[in-house]
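Read the structure below first, then the notes.
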Amino acid sequence: MAPVLEKKLLGAAGAGDTMENSTEDEEGQNLWSSILSEVSTRSSSKLPSGKNILVFGEDGSGKTTLMAKLQGAEHNKRGRGLEYLYLSVHDEDRDDLTRCNVWILDGDLYHKGLLKFAVSAESLKDSLAVLVADMSRPWSLMESLQKWASVLRDHLDKLRVPPEEMREMEQMMVKAFQEYVEPEDSTPASPQRRAPAAGAEDEGVLLPLGDNVLTHNLGIPVLVVCTKCDAVSVLEKEHDYKEEHFDYIQSHIRRFCLRYGAALIYTSVKEEKNLDLLYKYTLHKLYDFHFNTPALVVEKDAVFIPSGWDNEKKIAILHENLANLRPDDPFEDVIGKPPVRKLVHDKEVCAEDEQVFLMKQQSLLAKQPATPTRGTESPARTASGSPRPTGRPGPTNVASVSPMTTVKKPDPNMKGAAANEGVLANFFNSLLSKKTGSPGAPGTPPTPGAASVQGSAKKTGQKPVLTDVQAELDRMTRKPDAMATANSTPPTTEKEA
């Protein structure tokens, strides 16, 4: 009995060891499975890569500058064709980082074929379209938005997405529009946190869409961005825009956004207005980050309307402020392009031929009466150097200066000028008496040199220049004496006559 009992005891002990070993193995397997499941969960919760932002707009509307500002870089270069940028997306809660592709199409429709390199049928569901409109040129807003929306529609039709997949994407857009809920300002939340899952909350009653809502469903989110909103003040000053004009523009843009289920945001890179809001809303639409900013419609240059918030009744509130405008008037008739101010160029003046000009001047000079010039005046000039005005009373004494001319006496009021001429005459007389020894100078005897000079001048047929100069100086010397005599003689009156 003892050996048998011993065997049984040994067998029970071996079975207990086997059970302990199996329990340890199971715990080890559970540990590894939990680690693997955690790793797989983390990998599935990472930020998805391959998201795309497609940017459309006219040349000069600020597309590249806006996206570069969101990127955190200063970009002053103008792109061509199809530009590529990327936005760094960081999830702070999970400490994850990824890149979002940004494709900017050129404003020239010639390059629209390059869209095939930006988005394909497989990457369409991970794309967001941004239509950029220039607020500094409001007369071209609606035309630009309609043009680029049609370009995007044409490209999506060329992708030939399977009808089932396209229908599913369109239904997701309708559901996202209907499920929009106004965020509560009292709930602080980080923009990086993800929105709660669709099944986490009780599904509410979904309201049907309006008549003009999502009539142009593209299957992807659309965002309308109006740039250069700082130009509102310029439009008010230079083009006399009123509040009702901006309300009219906003109402038409919001109607356009309703048809495409798009969001609307006014931005200004110059004043850095709503740039951070644009960045957060873009991440919300692409990566489902939580977003808690409500609609902003108070400021006319900082409007923000998220997709799903707007409707026809809210747009009709803007129509109440239209005093002189009707909301149904054509956009081009109300917001017309201002007339271009043509630069008025001065008429080009062509210089005429030199010979023709000289002939005209010659004919003009021939018609005018001949006037004596300084070079042709006689050496024996008048006493005052200018003719005396007729009809002016004065003495009629005549001073004989030369045998050829007689000069009237100047006005007695010209004493100062006559005295000055006398001083000048004495000065030049002294110079002539010293240098030439003129015989006509007062107090200077004639010299043989002067006589020989005059004799030589007469022999060679030259004019007696020196004699004429001496005669003029003699006249100027006698002039003060004659004027003093005239002043001492009392003028004759009518009674004496």
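This note's numbering puts the sequence shown at residues 227 to 723.
Ideal Cβ placement from N, Cα and C applies to all residues, glycine included.
All of these numbers come straight from a predicted model, not from anything done at the bench.
Which class does residue i belong to by DSSP, given the choice of helix, strand or coil?
i: Ala542; result: helix
i: Tyr492; result: strand
i: Leu357; result: strand
i: Leu262; result: helix
i: Asn256; result: helix
i: Lys563; result: coil
i: Lys499; result: strand
i: Leu350; result: helix
i: Phe530; result: strand
i: Phe515; result: strand
i: Glu722; result: Legend: pLDDT at Glu722 = 42, less than 50; position of this residue unreliable, value from coordinates given subsequently. Looking at Glu722 - three-state DSSP - the assignment turns out to be coil, as it is neither helix nor strand.
i: Leu658; result: helix
i: Leu522; result: strand
i: Leu590; result: helix
i: Leu433; result: coil
i: Thr441; result: coil
i: Pro409; result: coil
i: Arg701; result: helix
i: Gly305; result: coil
i: Ala651; result: helix
i: Glu558; result: helix
i: Lys272; result: coil
i: Glu578; result: coil
i: Lys338; result: helix
i: Pro364; result: helix
i: Lys573; result: coil
i: Leu744; result: No statement about residue 744 is possible, as the shown extent of the chain runs from 227 to 723 and does not include it.
i: Leu584; result: helix
i: Leu509; result: helix
From what residue to what residue does the beta strand (DSSP E) around residue i run?
i: Glu309; result: Leu308 to Asp317
i: Thr324; result: Asp322 to Leu331
i: Val450; result: Val448 to Thr453
i: Val281; result: Asn278 to Phe282
The alpha helix (DSSP H) that contains residue i, what's its start and end?
i: Cys483; result: Glu469 to Tyr486
i: Leu371; result: Leu367 to Leu385
i: Val345; result: No alpha helix (DSSP H) contains Val345, which DSSP labels as neither H nor E.
i: Pro389; result: Pro389 to Gln404
i: Thr290; result: Lys289 to Gln297
i: Val460; result: Val458 to Glu464
With a threshold of 8 Å between beta carbons, is residue i in contact with chain B?
i: Asp352; result: Among the protein chains of the structure shown there is no chain B, as only one such chain exists.
Measuring alpha carbon to alpha carbon, tell me which of the options ends up nearest residue i.
i: Tyr210; options: Val281, Arg320 and Ser287; result: Look at the range of the chain in this structure, 227 to 723, and you will see that residue 210 is not part of it.
i: Ala375; options: His442, Glu318 and Val345; result: His442
i: Glu391; options: Phe654, Leu323, Ser349 and Glu408; result: Ser349
i: Lys539; options: His337, Leu378, Leu512 and Val439; result: Val439
i: Leu509; options: Trp258, Arg704, Val328 and Asp285; result: Val328
i: Ser362; options: Ala697, Ile543, Pro556 and Lys463; result: Lys463
i: Asp332; options: Gly307, Ala592 and Leu512; result: Gly307
i: Ala222; options: Asp334, Leu382, Cys326 and Ala488; result: Nothing in the structure corresponds to residue 222, since the chain is present only between 227 and 723.
i: Phe557; options: Ser366, Ile279 and Leu323; result: Ser366
i: Val407; options: Asn550, Leu591, Gly283 and Gly534; result: Gly534
i: Lys272; options: Gly298, Ser260 and Val315; result: Val315
i: Thr703; options: Leu657, Asn652, Leu658 and Ser656; result: Asn652
i: Lys401; options: Pro434, Leu382 and Arg379; result: Pro434
i: Gly305; options: His337, Ser275 and Leu323; result: His337
i: Tyr474; options: Pro553, Arg386 and Lys384; result: Pro553
i: Gln476; options: Glu497, Leu590, Ile561 and Arg393; result: Ile561
i: Gly339; options: Glu578, Asp700, Ala347 and Val377; result: Val377
i: Leu296; options: Ile279, Ala577 and Phe583; result: Ile279
i: Ala488; options: Lys511, Trp258 and Lys593; result: Lys511
i: Asp317; options: Leu335, Ile330, Pro274 and Ala347; result: Pro274
i: Glu300; options: Pro595, Leu522, Lys496 and Gln594; result: Lys496
Taking contact to mean at least 3 C-beta pairs separated by less than 8 Å, is the segment 443-452 in contact with the segment 513-521?
-> Inter-segment contact for the segment 443-452 and the segment 513-521 is absent: fewer than three beta-carbon pairs are separated by less than 8 Å.
Segment contact, 8 Å Cβ cut-off, at least three pairs: the segment 470-483 with the segment 359-379 | In the pairwise beta carbon analysis, the segment 470-483 is classified as touching the segment 359-379: at least three pairs are separated by under 8 Å.
Stretch pair the segment 483-502 + the segment 521-530: three plus CB contacts closer than 8 Å | Judged by Cβ distances under 8 Å, the segment 483-502 makes contact with the segment 521-530, as three or more pairs qualify.
Is the number of C-beta pairs between the segment 349-359 and the segment 283-290 that are closer than 8 Å three or more?
-> Yes, since at least three Cβ pairs between the segment 349-359 and the segment 283-290 fall closer than 8 Å, the two stretches touch.
Are the segment 539-549 and the segment 338-349 touching by the rule of at least three beta carbon pairs closer than 8 Å?
-> In this structure the segment 539-549 does not lie against the segment 338-349, because fewer than three pairs of beta carbons, one per stretch, are closer than 8 Å.
Do the segment 546-556 and the segment 499-507 make contact, defined as three or more Cβ pairs closer than 8 Å?
-> With the cut-off at 8 Å, the segment 546-556 and the segment 499-507 do not touch.
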